[in-house]
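Trainee: Quick note: the sequence shown uses the working numbering, first residue 1, plus one each step.
Can you keep this structure in mind? I'll have questions shortly.
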Amino acid sequence: MEAKDCNSKHVFFNQTSIPDSFDECCIEIDKFINQHSTDGRKIVLITSGGTTVPLESRTVRFIDNFSSGTRGSASAEYFLSHDYAVIFLHRHKSLEPFSRHINRQHFIDILQLTPENEIMEFLFSVKDEHKEKLSVVLKQFQSIEKENLLLKLEFTSLGDYLHILKAACEKLNTVGDKAMLYLAAAVSDFYIPKADMSEHKIQSSNGPLELKLQLVPKMLEPLVKDWVPSAFIISFKLETDKDILISKSRQALDKYKHQLVIANELEKRKREVTIVSTDTVTPIILTEEEVRLGIEIESIIVKEILKLHDNFISTKH
Ligand code: 9Z3
């Protein structure tokens with residue numbers, strides 16, 4: 001009985017705190033969607049990065065889901081280059097569109113300090129060897145900013161992620177079939193409800209730690225049925241065992257009745273994915289030559305999806 005209760009969607013939302021900046025976040029979402037739906041532009045909500053599940057209310061420790069944010073941030077750039085407006089809901093400090101091209105750890109290496117000028121100012125500049133790449137990225141970024149085509153929202157915990165996702169979906173539903181969901185974030189299947197969580201840091205002096213995690217209710221179900229039923233919805237399926245990847249993707253489509261699953265195996269995810277719909281299975285595999293040329297698999301995924309989204313829109317009219 002207890003497990004069943006914890007699995008219910010309503011209980012989950014009651015069992016997790018609303019993120020601190022939730023109201024501001026909703027206002028930004030509203031403004032962004034109003035602007036672009038008035039312009040008749042297609043809008044994609046991309047989720048990216050892994051969610052955390054806290055073990056303590058005043059969190060010192062948490063369980064993390066793996067994701068660097070490459071899939072989401074690279075895809076965001078390709079959607080933007082095809083004139084979509086992008087809501088980028090991402091894990092705090094995971095990769096972001098455009099800035100992903102500058103390695104955070106080596107940021108300082110691309111700058112140089114020129115000698116003080118006559119008014120004793122320090123002048124910074126980008127080293128010559130980085131100028132070309134950076135100017136291309138900066139140009140794209142500035143034109144996106146000018147038209148306000150990218151809205152970045154952050155989450156850390158699973159609770160924050162789901163609260164913001166639900167609010168964004170409900171607003172996106174007003175856009176109809178021009179809206180797309182691209183759910184690339186790696187989302188935890190397990191969590192500890194607030195009531196079961198230790199408030200303070202768990203003490204090792206109490207001996208080995210035994211954890212009991214509850215199942216997170218499958219939010220794809222209300223998302224497709226209630227939150228944003230009119231949108232084109234793509235989920236991702238991540239497995240480490242290739243033998244179950246396609247069957248699990250089909251199961252998800254069957255169960256949730258959304259449009260596509262993009263299946264990927266953890267180790268091969270940068271070179272190989274499979275786009276699965278109810279009646280097609282389309283592998284995308286980068287050739288050695290494409291890898292050598294630095295072609296990103298997201299550029300090909302996005303191109304395929306644009307066609308499928310257009311077909312989806314035309315069948316609705
Ligand atoms: C993915 O499968 C993404 O492609 C990756 C991208 C997380 C592998 P990176 O960010 O990696 O480029 O390093 N995301 C979805 C993972 C997920 O949690 N899927 C759930 C599942 O497999 C369904 S929603 O059950």
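We treat Cβ as the ideally placed atom computed from N, Cα and C, and that holds for glycine.
With H, G and I counted as helix, E and B as strand and the rest as coil, what does DSSP make of alanine 167?
Mentor: In the structure shown, alanine 167 sits in a helix (DSSP, three-state: H, G or I).
Trainee: Taking the continuous beta strand (DSSP E) assigned at serine 230, which residues delimit it?
Mentor: Careful: serine 230 lies outside any beta strand (DSSP E) and carries neither H nor E.
Trainee: Considering only residues of the same chain and omitting the five flanking positions on each side of isoleucine 295, which have a CB-CB separation below 8 Å?
Mentor: Taken in chain order, the residues that qualify are Leu286.
Trainee: Does the Cβ-Cβ distance between lysine 237 and valine 273 come in under 7 Å?
Mentor: In this structure, valine 273 does not lie closer than 7 Å to lysine 237 by Cβ.
Trainee: Are the Cβ atoms of serine 68 and arginine 100 separated by less than 7 Å?
Mentor: No, Cβ-Cβ distance for serine 68 and arginine 100 is not below 7 Å.
Trainee: Could you name the residues of the same chain whose beta carbon sits closer than 6 Å to that of leucine 253, not counting the 5 residues immediately before and after it, in chain order?
Mentor: Val261, Thr278, listed in sequence order.
Trainee: Histidine 309 by DSSP, collapsed to three states: which one?
Mentor: If DSSP states are grouped into helix, strand and coil, histidine 309 belongs with the helices.
Trainee: Tell me which residues share the same chain as leucine 181 and place their Cβ nearer than 6 Å to its Cβ, disregarding the 5 neighbours each side in the sequence.
Mentor: These residues qualify, in order along the chain: Leu45, Ala231, Ile233.
Trainee: Can you tell me whether DSSP reads histidine 284 as helix, strand or coil?
Mentor: First, the amino acid is wrong: residue 284 is isoleucine here, not histidine. In this structure, isoleucine 284 counts as strand in the three-state DSSP scheme.
Trainee: May I ask you to check if the CB of glycine 207 is nearer than 6 Å to at least one heavy atom of the ligand MN?
Mentor: Inclusion of the ligand MN in the displayed structure is not the case, the ligand content consisting of the ligand 9Z3 alone.
Trainee: Between serine 204 and leucine 220, is the Cβ-Cβ spacing less than 7 Å?
Mentor: Against a cut-off of 7 Å, the Cβ pair of leucine 220 and serine 204 comes out as no contact.
Trainee: For phenylalanine 13, which residues from the same chain have a beta carbon less than 8 Å from its beta carbon, with the 5 sequence-adjacent residues on both sides left out?
Mentor: Within the same chain, phenylalanine 13 has close Cβ partners Leu162, His163, Lys166.
Trainee: Just the Cα atoms here: how many angstroms apart are glutamate 154 and leucine 95?
Mentor: Taking the straight line from one Cα to the other gives about 11 Å.
Trainee: What's the C-alpha gap between tyrosine 256 and proline 217?
Mentor: If you take the alpha carbons of tyrosine 256 and proline 217, they lie about 13 Å apart.
Trainee: In the DSSP assignment, what residue or residues form a beta bridge with glycine 50?
Mentor: Ala186, per the DSSP bridge assignment.
Trainee: How many angstroms separate the CA atom of leucine 308 from the CA atom of methionine 197?
Mentor: Rounded to whole angstroms, leucine 308 to methionine 197 spans 44 Å at the Cα level.
Trainee: Going by C-alpha distance, which of Thr52, Ile110, Leu149, Leu223 is nearest glycine 40?
Mentor: The shortest Cα separation from glycine 40 among Thr52, Ile110, Leu149, Leu223 belongs to Leu149.
Trainee: Would you kindly report the start and end of the unbroken beta strand (DSSP E) that includes leucine 89?
Mentor: Element bounds for leucine 89: 85-91.
Trainee: Given a cut-off of 7 Å, decide if proline 54 and serine 188 are closer than it, judged by their beta-carbon atoms.
Mentor: Not closer than 7 Å, so no.
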